[in-house]
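Colleague:
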Amino acid sequence: MKTSEVARLRLQGQGIGAGRFEKPADAVRWFGAVQAQDYLGSLWALGLRLPGAVESEVERAVVDRSIVRTWPMRGTLHFVAAEDVRWMLSLAGARTIARAAGRYRQLGLDGATFAKSRRVIERALRGRQLTRPELAAALERGGVRTEGQRLIHLLNRSALEGLTCYAARRGKQFTFALLEEWAAPSKSLSRAEALAELAARYFRSHGPATLQDFVWWSSLTTTDARAGLELAAADLQREVFDDETYWLSPPTRAAVDVQKGAQLLPAFDEYTVAYKDRGAILHPSHTLRPDAATAVLGPTVIIDGRAAGTWKRTLKRESVVIETNLWATLKRTERDALEEGAQRYGEFLGLPAVVA
């Protein structure tokens, strides 16, 4: 298995540009979790994997509560299917809290403060959704200080403990809700079942990937990640490349209908962010670029599965302007593919796209 083949198979498994999923929740469920700290970018990350999707339709999945935005892993916001949010939080929530202990001490956040904050937040959100400023005001009235970074850590902690989650936007402001009110009750999993399920979803959607890739993505300990992989391994295929063991689903390995062409990936897309080693998506001629491995965490131009540069958008009244910073001169066919990828993004926004 060559590096180019790793990229090709990941492109297949992730369903980029292939329109393999019918609904946003289908895509999120397939991945297990989809990074969503950049909210608008994460809507496009899902749109890339849905046929003919438009932004408002993808966001409807947040409004109808089929997907939930919260902090299930790495202390980073992700979209999670509503029925999965509780067992995912149970896997890594306590570990994330433990890793933040030093920062809590710096901010003067102790157990008593968190307990008081929890009571205030639960009372304030009962039967309604509130914005961050509204929750800050409620906490201040309840005697909990929210200056500096205290507020975001109080809100993050309440979500990690399964009390709250993000809800739908009110205008341009995000709101929070009680998780028990926002997401319908769902089946619980034992820890072993949850580890196996998360491993199975990661490797089927992100494979070929290594154990250390899974450790990075999931924020599990190596011991827990290995246990999950061992439980899921019977349904996965093992490949060795450069003395590294990779795992993927057999259907991904057997697939031949890989979606090539060009795609404009958003920042923090699962294709770029979900691996400890991101070398597979870099063309050999780009691996010497000092900024390449970090540049692909931003909006990235992908051509035939490999990073070809970066891009940014400017919204105009009647169009969206796409500016690219390409790392090499493109062939005519690649330029045409890039134009098609830009037009697809424009269609997602409901605007004509202009490649500057």
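Quick note: the sequence shown uses this note's numbering, first residue 27, plus one each step. Virtual Cβ for every residue (Gly too), placed ideally from N, Cα, C.
Give me the residue from Y371, A318 and S92 with the minimum Cα distance to F105.
Modeller: As a working note, residue 105 is residue 79 in the sequence shown. Residue S92 is the option with its Cα nearest to F105.
Colleague: Flag this pair as touching only if the segment 304-314 and the segment 328-336 have three or more C-beta atom pairs under 8 Å; answer yes or no.
Modeller: yes
Colleague: Evaluate S214 with the Cβ neighbour count: other Cβ atoms within 10 Å of its Cβ, from every protein chain shown; 16 or more gives buried, anything less gives exposed.
Modeller: For this step, residue 214 is matched to residue 188 along the sequence shown. S214 is exposed by the Cβ-count criterion.
Colleague: On a CA-only basis, which of A141, L291, P277 and A226 is nearest L257? Give me that one, please.
Modeller: Within the sequence shown, residue 257 is the residue found at index 231, counting from 1. L257 has its Cα closest to that of A226, out of A141, L291, P277 and A226.
Colleague: Hey, is the segment 311-328 in contact with the segment 285-297, meaning 3+ C-beta pairs nearer than 8 Å?
Modeller: yes
Colleague: Among the residues of its own chain, which have a CB less than 6 Å from the CB of H312, if the five just before and after it don't count?
Modeller: One-based indexing of the sequence shown puts residue 312 at position 286. Once the five neighbours on either side are set aside, the close Cβ partners of H312 are A318 and W353.
Colleague: Does the segment 52-60 come close enough to the segment 346-365 that 3 or more CB-CB pairs lie under 8 Å?
Modeller: no
Colleague: Assuming the contact rule is C-beta atoms closer than 8 Å, L186 and T139 should be a hit. Round their C-beta distance to whole Å, please.
Modeller: Counted from its first residue, the sequence shown places residue 186 at position 160. Counted from its first residue, the sequence shown places residue 139 at position 113. The pair is not a contact, with the Cβ atoms about 15 Å apart (cut-off 8 Å).
Colleague: Please identify the residue among F267, N351 and Y371 whose C-alpha is closest to the C-alpha of S30.
Modeller: Residue mapping note: residue 30 aligns to position 4 of the sequence shown, counting from 1. Comparing C-alpha distances from S30 to each of F267, N351 and Y371 shows the shortest one belongs to F267.
Colleague: Quick check on A127: does DSSP put it in helix, strand or coil?
Modeller: Here residue 127 corresponds to residue number 101 of the sequence shown, with the count starting at 1. It is helical.
Colleague: Quick check: what's the CA-CA separation for P98 versus L246?
Modeller: Along the sequence shown, one-based indexing puts residue 98 at 72. Along the sequence shown, one-based indexing puts residue 246 at 220. Whole-angstrom Cα-Cα distance: 11 Å.
Colleague: For the beta strand (DSSP E) containing F47, name the first residue and the last one.
Modeller: One-based indexing of the sequence shown puts residue 47 at position 21. Per DSSP, F47 belongs to no beta strand (DSSP E) and is neither H nor E.
Colleague: Quick one: residues in its chain with C-beta nearer than 7 Å to the C-beta of F374, no 5 flanking neighbours on either side, listed in chain order?
Modeller: In the sequence shown, the residue the question calls residue 374 occupies position 348. Around F374: W70, G73, A79, V80 and E81.
Colleague: Less than 8 Å between C-beta atoms, sequence neighbours within five positions excluded: which residues of the same chain meet that for K28?
Modeller: Along the sequence shown, read from residue 1 onward, the residue named residue 28 stands at position 2. Excluding residues within five positions, the ones whose Cβ falls inside 8 Å are F267.
Colleague: Below 8 Å, can you find three or more Cβ-Cβ pairs linking the segment 159-170 to the segment 108-119?
Modeller: no
Colleague: Which residues mark the beginning and the end of the beta strand (DSSP E) in which W273 is found?
Modeller: The residue given as residue 273 occupies position 247 in the sequence shown. E270 to L274 is the span of the beta strand (DSSP E), which, as asked, contains W273.
Colleague: Among V322, T236 and E223, which residue has its Cα nearest to the Cα of E109?
Modeller: Sequence index remark: in the sequence shown, residue 109 carries index 83 (1-based). Considering only alpha carbons, the answer is E223.
Colleague: Taking only three categories from DSSP, how would you classify F240?
Modeller: Along the sequence shown, one-based indexing puts residue 240 at 214. Correct three-state label for F240: helix.
Colleague: To the nearest angstrom, report how far apart V395 and A280 are at their CA atoms.
Modeller: Examination of residue 395 is not possible in this model, given that the chain is present from 27 through 382 alone.
Colleague: Helix or strand or just coil, what does DSSP make of E344?
Modeller: In the sequence shown, the residue the question calls residue 344 occupies position 318. Coil.
Colleague: Assuming L205 contacts R144 under a Cβ cut-off of 8 Å, what Cβ separation, rounded to an integer in Å, is found between them?
Modeller: Taking the sequence shown and counting its residues from 1, one reaches residue 205 at position 179. Taking the sequence shown and counting its residues from 1, one reaches residue 144 at position 118. L205 to R144, Cβ: 12 Å. No contact.
Colleague: Pull up the DSSP beta-bridge partners for I329, would you.
Modeller: Counting from one through the sequence shown, the residue named residue 329 turns up at place 303. In DSSP, I329 forms a bridge with A288 and R332.
Colleague: When burial is assigned at 16 or more other CB atoms within 10 Å of the CB, is T278 buried or exposed?
Modeller: Start at 1 with the first residue of the sequence shown, and residue 278 comes out as number 252. Under this definition T278 is a buried residue.
Colleague: Look at the Cβ atom of A251, then the Cβ atom of V241, and state whether they are nearer than 7 Å.
Modeller: If you number the sequence shown from 1, residue 251 lands on position 225. If you number the sequence shown from 1, residue 241 lands on position 215. Result yes, Cβ atoms of A251 and V241 sit closer than 7 Å.
Colleague: Does the segment 144-156 touch the segment 195-203, meaning 3 or more C-beta pairs lie closer than 8 Å?
Modeller: yes
Colleague: V84 to H179, Cα distance in whole Å?
Modeller: Taking the sequence shown and counting its residues from 1, the one referred to as residue 84 is at position 58. Taking the sequence shown and counting its residues from 1, the one referred to as residue 179 is at position 153. If I take the Cα positions, the gap works out to 28 Å.
Colleague: Looking at the structure shown, is T190 part of a helix, part of a strand, or coil, going by DSSP?
Modeller: As a first step, residue 190 must be located in the sequence shown, where it is residue number 164. Note: T190 maps to strand in three-state DSSP.
Colleague: By Cβ distance below 7 Å, which residues in the same chain neighbour V299 in space, the five residues on each side in sequence not counted?
Modeller: Working through the sequence shown from its first residue, we reach residue 299 at position 273. The answer, listed in chain order, is Q61 and L323.
Colleague: When we look at the beta-carbon of L133 and count the other beta-carbons within 10 Å, is it buried (16 or more) or exposed?
Modeller: Locating residue 133 in the sequence shown gives position 107, counting from the first residue. Classification of L133: buried, given that the 10 Å Cβ count is 16 or more.
Colleague: Give the secondary structure of L205 by DSSP, where H, G and I count as helix, E and B as strand, and everything else as coil.
Modeller: The residue labelled residue 205 in the question sits at position 179 within the sequence shown. DSSP places L205 in helix when its eight states are reduced to three.
Colleague: Here's the rule I'm using: 16 or more other beta-carbon atoms within 10 Å means buried, otherwise exposed. How should V89 be labelled?
Modeller: To locate residue 89, count along the sequence shown from 1; it is residue 63. Classification of V89: exposed, given that the 10 Å Cβ count is below 16.
Colleague: Would you decide whether P378 is buried or exposed? Buried here means 16 or more other CB atoms lie within 10 Å of its CB.
Modeller: The count along the sequence shown starts at 1 and reaches residue 378 at position 352. Answer is exposed; the Cβ neighbour count stays below 16.
Colleague: Within the same chain, show all residues whose beta-carbon is closer than 7 Å to that of F47, passing over the 5 residues directly before and after it, in chain order.
Modeller: By one-based count along the sequence shown, residue 47 stands at place 21. Listed in chain order, the non-local C-beta contacts of F47 below 7 Å within the same chain comprise G41, A53, W56, R75 and L76, local neighbours out to five positions each way being set aside.
Colleague: Closer than 6 Å to a non-hydrogen atom of the ligand HEM - does that hold for the CB of T359?
Modeller: Questions concerning the ligand HEM fall outside what the structure shown contains, since it holds no ligand whatsoever.
Colleague: Could you give the first and the last residue of the continuous beta strand (DSSP E) run that contains I93?
Modeller: Stepping through the sequence shown from its first residue, residue 93 is reached at position 67. Here the beta strand (DSSP E) through I93 covers I93 to M99.
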